[in-house]
Every structure is written in C-alpha cells, then in structure tokens.
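One line per chain: the protein sequences are R and S, in this order.
My numbering puts the first residue of the first sequence at 16, with every later residue one more than the last.
My numbering puts the first residue of the second sequence at 16, with every later residue one more than the last.
What follows is a set of notes on a single structure, which appears directly below.
Number of protein chains: 2
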Amino acid sequence: MTKRRSEAELAFLSIEEAARLLRRREVSPVELVEAALQRIDRANSRVNAFLTVLAEPALRQARAAERELRRGRASSLLHGIPIALKDNFYTRGIRTTAGSKILADLIPKTNSDAAERLSSAGAILLGKTNMHEFAYGITSENPHYGPVHNPWALERISGGSSGGSAAAVAAGMCFAATGTDTGGSIRVPASLCGVVGLKPTYGLVSVAGTVPLAPGFDHVGPLARSVTDACIVLEAIAGTYPKGVPRLDHRALRKNRSRRIRIGWPREYYFERIDPDVRRVVERAAQTLAKALNARVAEVPLSGLQEGVEAATNVIVAEASYYHETQGYFPARAAEYGDDVRGHLEWGAKLRAVDYMRGLEKKREVEAAFDAAFESADAIVAPSTPIAAAKIGDTAVRVAGKRESSVRAELLRMTRPVNVSGHPAVSIPCGFTPAGLPVGLQLIGPKWGEAKLLAIALAYEDATDWRALHPELQ
Amino acid sequence: MTKRRSEAELAFLSIEEAARLLRRREVSPVELVEAALQRIDRANSRVNAFLTVLAEPALRQARAAERELRRGRASSLLHGIPIALKDNFYTRGIRTTAGSKILADLIPKTNSDAAERLSSAGAILLGKTNMHEFAYGITSENPHYGPVHNPWALERISGGSSGGSAAAVAAGMCFAATGTDTGGSIRVPASLCGVVGLKPTYGLVSVAGTVPLAPGFDHVGPLARSVTDACIVLEAIAGTYPKGVPRLDHRALRKNRSRRIRIGWPREYYFERIDPDVRRVVERAAQTLAKALNARVAEVPLSGLQEGVEAATNVIVAEASYYHETQGYFPARAAEYGDDVRGHLEWGAKLRAVDYMRGLEKKREVEAAFDAAFESADAIVAPSTPIAAAKIGDTAVRVAGKRESSVRAELLRMTRPVNVSGHPAVSIPCGFTPAGLPVGLQLIGPKWGEAKLLAIALAYEDATDWRALHPELQ
Numbered sequence: 016m017t018k019r020r021s022e023a024e025l026a027f028l029s030i031e032e033a034a035r036l037l038r039r040r041e042v043s044p045v046e047l048v049e050a051a052l053q054r055i056d057r058a059n060s061r062v063n064a065f066l067t068v069l070a071e072p073a074l075r076q077a078r079a080a081e082r083e084l085r086r087g088r089a090s091s092l093l094h095g096i097p098i099a100l101k102d103n104f105y106t107r108g109i110r111t112t113a114g115s116k117i118l119a120d121l122i123p124k125t126n127s128d129a130a131e132r133l134s135s136a137g138a139i140l141l142g143k144t145n146m147h148e149f150a151y152g153i154t155s156e157n158p159h160y161g162p163v164h165n166p167w168a169l170e171r172i173s174g175g176s177s178g179g180s181a182a183a184v185a186a187g188m189c190f191a192a193t194g195t196d197t198g199g200s201i202r203v204p205a206s207l208c209g210v211v212g213l214k215p216t217y218g219l220v221s222v223a224g225t226v227p228l229a230p231g232f233d234h235v236g237p238l239a240r241s242v243t244d245a246c247i248v249l250e251a252i253a254g255t256y257p258k259g260v261p262r263l264d265h266r267a268l269r270k271n272r273s274r275r276i277r278i279g280w281p282r283e284y285y286f287e288r289i290d291p292d293v294r295r296v297v298e299r300a301a302q303t304l305a306k307a308l309n310a311r312v313a314e315v316p317l318s319g320l321q322e323g324v325e326a327a328t329n330v331i332v333a334e335a336s337y338y339h340e341t342q343g344y345f346p347a348r349a350a351e352y353g354d355d356v357r358g359h360l361e362w363g364a365k366l367r368a369v370d371y372m373r374g375l376e377k378k379r380e381v382e383a384a385f386d387a388a389f390e391s392a393d394a395i396v397a398p399s400t401p402i403a404a405a406k407i408g409d410t411a412v413r414v415a416g417k418r419e420s421s422v423r424a425e426l427l428r429m430t431r432p433v434n435v436s437g438h439p440a441v442s443i444p445c446g447f448t449p450a451g452l453p454v455g456l457q458l459i460g461p462k463w464g465e466a467k468l469l470a471i472a473l474a475y476e477d478a479t480d481w482r483a484l485h486p487e488l489q
Numbered sequence: 016m017t018k019r020r021s022e023a024e025l026a027f028l029s030i031e032e033a034a035r036l037l038r039r040r041e042v043s044p045v046e047l048v049e050a051a052l053q054r055i056d057r058a059n060s061r062v063n064a065f066l067t068v069l070a071e072p073a074l075r076q077a078r079a080a081e082r083e084l085r086r087g088r089a090s091s092l093l094h095g096i097p098i099a100l101k102d103n104f105y106t107r108g109i110r111t112t113a114g115s116k117i118l119a120d121l122i123p124k125t126n127s128d129a130a131e132r133l134s135s136a137g138a139i140l141l142g143k144t145n146m147h148e149f150a151y152g153i154t155s156e157n158p159h160y161g162p163v164h165n166p167w168a169l170e171r172i173s174g175g176s177s178g179g180s181a182a183a184v185a186a187g188m189c190f191a192a193t194g195t196d197t198g199g200s201i202r203v204p205a206s207l208c209g210v211v212g213l214k215p216t217y218g219l220v221s222v223a224g225t226v227p228l229a230p231g232f233d234h235v236g237p238l239a240r241s242v243t244d245a246c247i248v249l250e251a252i253a254g255t256y257p258k259g260v261p262r263l264d265h266r267a268l269r270k271n272r273s274r275r276i277r278i279g280w281p282r283e284y285y286f287e288r289i290d291p292d293v294r295r296v297v298e299r300a301a302q303t304l305a306k307a308l309n310a311r312v313a314e315v316p317l318s319g320l321q322e323g324v325e326a327a328t329n330v331i332v333a334e335a336s337y338y339h340e341t342q343g344y345f346p347a348r349a350a351e352y353g354d355d356v357r358g359h360l361e362w363g364a365k366l367r368a369v370d371y372m373r374g375l376e377k378k379r380e381v382e383a384a385f386d387a388a389f390e391s392a393d394a395i396v397a398p399s400t401p402i403a404a405a406k407i408g409d410t411a412v413r414v415a416g417k418r419e420s421s422v423r424a425e426l427l428r429m430t431r432p433v434n435v436s437g438h439p440a441v442s443i444p445c446g447f448t449p450a451g452l453p454v455g456l457q458l459i460g461p462k463w464g465e466a467k468l469l470a471i472a473l474a475y476e477d478a479t480d481w482r483a484l485h486p487e488l489q
C-alpha cells in the first residue's frame, strides 16, 4: 500500500529518499514535479526565486522519466528529480538572462556543460532562477526582475548572486539547483537561506556555457538541502579529478569517520568583526563538529590574507570589465545596467594593468597561504557570512557594534578569499540568530579534497538537527 | 711549425677554428684574449661597446684555460674563447648596470644562468657590453654611458638594445656575446652591425639572472660572426628541448640539406614600407637562399598581424612598468631614467588592465597565425630591419619615400611580431646598402626548430661571401 504524501512532504524529500521512492514506484516524477510547481505557484510571487518556470516541459519530462523508471531505465539518482538552474547557465531554446536587461531576450542554441550533464543524468529542469545581475553582486536585489526575497524573512535579502537558487531550494520549490560562485555567490545565499552550498575546487566543474563573471575565479556548484544531496548533484556535474584522487561518491561519505581529523581555526583573519549572534552560533557549531569527529581544533596560520585578497579583487573586477567590453555590452550599453553593476564595470575599466599584474601575484600568495594552512588542518572552519540576511534595500549594516558602509563587502568577506585561492568550500546551515535568521558554517578543504570535506560536513549534519535550533523551537 | 698570426687574424677567427687551433696548441687562450684586448684598447673609446673590460681577470682565466688545455681538460668548444656579456646579465662580483644609472653600482652576488653556463663551458669573460638603458629601446643611444657607435660607420647607431654586444662582435673585440631580445634587441643590432643574432624559441634559454624587460617576451640568445658560432654558443646556454626534439648540434647543421625546403614569403605584412636599398639586398638574398637549397619560395598567409602586434605591445609595456614599479625604481626615481625610457614607463603605468588582457588574447592569435604559416613553410624570410643604421641622434627617418616619425618603431617593425609569437628567428648578414651599411636577412622558424632554422641560415652563409658584397669591393 502506497502512503499518501502531502505536497510539503514530497517537496522536501531528500534526493536520496526521493530516488528510493521513485525506484519503488511509491512516488512518481510527475508527483514530484507537481508538488514543486504547486509551491512555485503559491510562493514565487512573494519569493521571486524563478525568472522562468517550465511547467509544461517539466511535466512532459516527468511523464517520460516515469516511463523510463517503469522500464528500469534510470540513468542516475537524479532521474526524475526536479531541479533548477541559475539563469546564467545556457539552456538550449530556453531564455537565459543572467539577470540582466542586456540578455533579456537571449535564447541560447546550446546547453551549458552543467545543464547538459544534469539532463543526461535524468534530472528534470523546472526553471531558471533569479540572480544578481550578471552574477556581479551578493544581494540578488535585481533592478530588472526585482529582488529575491529570503523565504525565512520576506523583507530580507536571499544573498547572491545565486539568490534565486538558494531561495528555491530553501522553500521546497525544487530539490536542488546550480549556482556560480566568483566571490561567494553559492555559499553566501546558502548561508542566508539555510541550505547547503558547495563551491568545488577551481576547475573541477566545467564553467563552459555559463555567462562568465571573472574566468579566473568562476566556479559552478550545487545548492541543496543536505550534504548528501549536494554531493549527488556534484557527482553529476563534476569533471575529472587529477590522477590519484578517487571519484567522489556520496555513499562513501560516512566511511572514513574514524580517522583523526584536524579542524583549523584561523582566528586572526576570519573572526575579526563578526556579528556576535553569528559568532555564537558558529562557535557552538564548531564545537559540535569537533565533538562529532572527536577532532582536535587548533589555530592555523592564515594571517595577512586581507591585503592579498584586496589586490586579487582587482583581477576579478578587471576580468569582469574585460568580458563586458569584448562582448560590446559596456560601455556601449551602460544605461542598461543597474547602478551597482555599472559602477563595478566602470571601476574595472579604469584599473591599471600593473595593478592587475600585482593582483595575479597576490592571488598566488593567497593560494600558497591556504595550501600551507592545510598542512596542519584537514578543514578550516569559519562563518560563511559575518552577518545574517540584511533587509532588502539596506546598504549599511552594523557589525560587532561598528557601522559598515557596505553590506556587499561584509557579505563577501568570509568567502572571497577561497575564490582567490581556488580551494573547495561548503556552507552548511548551523543554526539561527535570535531573530530566526539562518547562519551558515563554512568548511574549507584542501584542493581536490571534496570527498573528505563533505564527509566532515556530513558528520556535523548527522550530529545536529539544525532546524531544531530555531528560536521558536527552543 | 706554428704560423705567426696577426692580431686581426686571431681576433676574427671563427670559434670552431679557434677551438681547433687551441687543441693543436697552435694558439693559446692568452693570445686570443690579448688580441681581443688590444682591439678593445684601440677601438672601444670610439665604438663604446664595453662598459666594463675585465682585462686582468680575463688574462688570469686565459692562463688557467691554457693549463687545462695542456692537460687535455677542455670542457667544450668554448674553452678558452673570449666572449662578452650584455650588461643586463648578472655577473657575480662584477658590476651589472643594465645600461642604467639606477643600477650603476649594482654588483650581483650571483651569476645569471647564461653567465654560469658559459663559464662552465670554459668561455672567458672579457667584459660587459653597453646597451640601451634597461634594454628598453632599440638604438643603444645610452644617456648615461653614451651611445654605441656602429663599427661600420661610427656616426651611426649600432641598433639595440644589445648594441654593445653586436658592435663588439663585429669589431673583433670578442668572439661572441650574449644579448636579450624582447622586441628585436638581438636581431636588430645584429642586422645593423653585420653579425649573426639569434633569438631562440621562447623558453629555450633561461632568462634567470637577467634584468627583465617584459618577462612574457624576454629571450636570451647569442650574437656571433657566423651561424656555426651562434649555434655553438646556443648549445652552451640552451636548456632542454621538449620530448622528441633532438639536441642542437652545430656539427649536424649541414646534414639535412637535401630535404625539400619551403621558404615562406609573407608579402602583405613584412614587405610594406621597406627602404628600397634594403629591399633589393634582401630580395637578392632570398633568391640566393632559394637557389642554395633548391627550395620553393611561396607566399605564406601572415596578414593582419599588425593589429595583434600593436595590442600585444601593450602587454610588453605594462610588464615593463610592473617590474620597475615593484622594484621601487619607478616612479620613485623617475628623474634617473633617460627621457625615452621614462616615457615608456609612464605609458605602461597608465595602461588599462582590460587592454593588457586584450593584448594577451591578441598575443595568442599572433602565435597561432605564425604556427599556421609554418604548416606550409619551413622558414619565413624577411628583412631584419626595414632600414639600415640611422644616424645617432636622428629620430625621424625616411622609409620608401615617406617620412616616419620614429626610428624606433621602424627598427622594431620586422622583429617584434616574432617576440609576440615566441618563434625562433635569426638575423644573418646578407649584404650592404650602396652606402656600405650592413643589411640583415631574418629567417623565422617553427617553435623548437632551431636545428633546421640554423641549417637553412648556414646554407645561405655557405652560398655567399657577404663581405664581398660590400660596395667598395664591387
């Protein structure tokens, strides 16, 4: 006898569980898609997570997936699972705006690599998610399509630039989504929306067919509701690991628990100017993690990063301006950008070549500093963001008693160093502020070390029921 | 019975012949050094090729080399051969000015790789040669140490930046010398002074320990009086070839003559605006070469380079400014530069990062264009310079009836594309203008193809006695 499940029960299934139920034919892909579409129908007008909803094509795909499942032809665990793509992933025949007015009518003729891989894995594309214009900002306050609203507090930002993806996953509008991360654009919205967001090692996942922001720093990765779900999506989209590194396998994540794990705590850099509410949650989470792993926590030398990261930021900004110039978007169509993105592009267009070169040199130093830190740590722990979700429209913010003039700079402070270095990093939900806003714990690992990094993240997830940490449940 | 040789006979021996005589003890290293020092004594006050002459150390070294030769301990063909280094090669304990006031008192604690390799090969260091300040110019009109005078016409430039090396080799003040070439700095002075100058494939010879101009374009190479001598020096300083490319061997250069050689003639680009006297000499040389090789001469597609080279020049200029900024020389000590170099550095300091990136992209296109050309040619033939040596002090020059405002730009026009592309190129003397000024034939080859390129150059050298082409002998 098949249990009758509510829309919410269906929509919030883990991918692993949904895949099991699909194979047992206890649920069908059509039910999953319908549940997700119902939630989109009801909530998207308020959350604004989707720019394009592909209701009919998704249902058609679901019916096809159902037939294939009946014939035992499931290409992967993602077969029949409804997912979403950030709107800067090229999708063949489907509008791809990158959250911009300039690309408002772009209908690509080809799929991005990630779209193609997810499609091959049998995932069902529900739609394209809202984002910060051209992925060039961290709030997803989109001047052309409206802001993404945080599902936990609709008057607050979702974070960005993959804000729509994070909000859609958090609100049960899809099972997982893709994001791009150039300075924190997966981890920051994951942190603010209470989902898992993974930025893999630079180069592991192809960025081909995504609208670039800064090619030397762009990463593609998953947003999902659990570490295992994120791992399953990463398995589908990942390229190949260097020789000697075993393929990622979500079924193996719990295996190496017993090994001695060293958790690094880079006090000098990360723990300056953290909102006390956020700090309290993250410090408790780090303790929980250490206990779960029976791990040693020790300070790791990771000082002096700030200068390097600031210099490397010049490279990001210059690369972005170069792309927009070579495409003929900027300055030719400057009026069609939002004020913030236009400002960044103007900055990048003026940057000196010598400062770009200095930034490249500093980038290598930052990378070396992280590499050195991982000689004495298996993972570095840090907040994903030093503050919880700001109010939509706010530009200034108080952090640890001091007024900071830029929400954007604050939100990026914890994540950008890892884009400069290229190391893998995951943000996992680890609790809430007293106001009930999600807080993310960032775990950073050595290059190509996704397997161990996710194993550590999963140990934390297994050890705590983070939803139960919500103040209303305390 | 040992033949008694004049100073000139000794000083103008080929390296191969000198090495043979040294081994037979028909001459001694001391005689070679003394002959060279006598010529320096007599001519350097007029030519100004040397900034530092190491008379005593060279004689000491020569006596040691003599003892070693007597014991049959010659480390290479260069054992006991007097050579010179351009003054931007670090020499341990010996002043290295790079032709600048800023480094006027620099006494390095280490040798450049090339200095070290030549020393290991047994070559005797006679001195350090004058050059364009910081290698950042093509005339060797040095504001701090005076201009290098062309030995063929003392009122004319030697070309640069390795002008002292070219003049010293041409005037028999040393047997060979090193140069650096970022836009033509080996080939241009070789062309104007009537010697052989080789810019190897980018990366073949270590630039470690040379004062950089633009690291992405800097090459180290030899200046010598014959193709074989240049090859012998290159063998001593070269690093390793990629797998599958045999080691260079001057003894093998005449072996592959019989093979069908295709000579490429890139009319559209190179043969615009050539001084008619130079063009006549080069066209006749190309015919001689084709006949000597029984080769087919065909046009090769190499158009549209100009835009790419101009864009890539931004990269050179920016890299130069970056170096001088990071060393704290510029702008801090701007007043200590010559006007021209200061002007270039100011230009580079202002360049935009996006133009630098565009230049890098264009650089790859130029490289690809040359690579494509070598699919239908074994060597591309061109003038080394579109004009012969200008008068010292001249800035404007007439080329093919048109007044050109910059001697510098004209002198670089034929050589710089090959720095942008990174292909090997050699300038060999191929005749004289009616006024008796040397003209250089540039031969450009595919990457890592030094062996065949020098074999082709040697075929030309064997087929003609270029000195006999001098108008006074006609």
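Idealized CB from N, CA, C, for every residue including glycine.
Taking Q76(S) as the centre and dropping the five residues before and after it, the same chain places the C-beta of I139 closer than 6 Å to its C-beta, in chain order.
For G358(S), the enclosing alpha helix (DSSP H) begins and ends at 354–365.
Spanning the alpha carbons of P439(S) and H359(S) requires a straight line of approximately 26 Å. In this model, A130(R) and P72(R) are separated by some 15 Å (Cα to Cα). Distances from the alpha-carbon of Y151(S) to those of A113(S), R266(S), D128(S) put A113(S) closest. Three or more Cβ pairs closer than 8 Å define a contact, and the stretch 289–309 of chain R meets that threshold against the stretch 470–477 of chain R. Chain-order list of chain R residues neighbouring V369(S): A333, S336, Y337, E340, G363, A364, L366, by C-beta distance under 8 Å. Under the Cβ criterion (8 Å, minimum of three pairs), the stretch 106–126 of chain R does not count as touching the stretch 188–200 of chain R. Here the alpha carbons of P227(R) and C208(R) stand approximately 24 Å from one another.
Cβ-Cβ separation between A394(S) and I289(S): approximately 19 Å, too far for a contact (criterion under 8 Å). Less than 8 Å separates the beta-carbon of L263(S) from that of A253(S). Linking S43(R) to R35(R) through their CA atoms gives a straight-line distance of about 11 Å. Collapsing the DSSP output to three states places A450(S) in coil.
By the beta-carbon neighbour count (other beta carbons within 10 angstroms, threshold 16), R482(S) is exposed.
Chain R has a Cβ within less than 8 Å of the Cβ of M372(S). Per DSSP, the continuous alpha helix (DSSP H) segment holding E298(R) begins and ends at 291–308.
If you keep only unbroken alpha helix (DSSP H) runs of at least 4 residues inside the stretch 189–254 of chain S, you get 202–208, 242–252. Measuring C-alpha to C-alpha distances from V48(S) to each of N434(S), E81(S), V369(S) identifies E81(S) as the nearest. If you ignore the 5 residues before and after P461(S), its C-beta comes within less than 7 Å of the C-beta of F389, H438, all in its own chain and listed in chain order.
In the DSSP assignment, I278(S) falls outside any alpha helix (DSSP H) and within the unbroken beta strand (DSSP E) covering 277–280. By alpha-carbon distance to V235(R), the top candidate from V441(R), A450(R), A26(R) is V441(R). The bridge partners DSSP lists for N165(S) are A168(S).
Following the DSSP letters along the chain, one finds G142(R) in no alpha helix (DSSP H) but inside the beta strand (DSSP E) bounded by residues 139–144. Look at the beta carbons and you see the stretch 345–352 of chain S not touching the stretch 311–331 of chain S: under three pairs across the two are nearer than 8 Å. In this structure, the straight-line span from the alpha carbon of A223(S) to that of V211(R) is close to 47 Å. By the 16-neighbour rule on beta-carbons within 10 angstroms, D233(S) is buried.
Taking the Cα positions, S200(S) is about 23 Å away from P291(S). Within 10 angstroms of the beta-carbon of A411(R) lie fewer than 16 other beta-carbons, which makes it exposed. Distance from the CA of A450(R) to the CA of D196(R), rounded to the nearest whole angstrom, comes to 27 Å. Here T255(S) is exposed: its Cβ has fewer than 16 other Cβ atoms, across all protein chains shown, within 10 Å. Here G178(R) carries a helix assignment [DSSP, helix/strand/coil].
Within a 10 Å sphere around the beta-carbon of P230(R) sit fewer than 16 other beta-carbons, which makes this residue exposed. Each residue's CA atom was taken as its position, placing I402(S) and E298(S) some 14 Å apart. Across the structure, V260(R) and K467(R) are spaced so that their CA atoms are roughly 11 Å apart.
Of the other Cβ atoms in all chains shown, fewer than 16 fall within 10 Å of the Cβ of A313(S); this residue is therefore exposed.
Selection T144(S), S176(S), E83(S) evaluated against V184(S) yields T144(S) as nearest (Cα-Cα).
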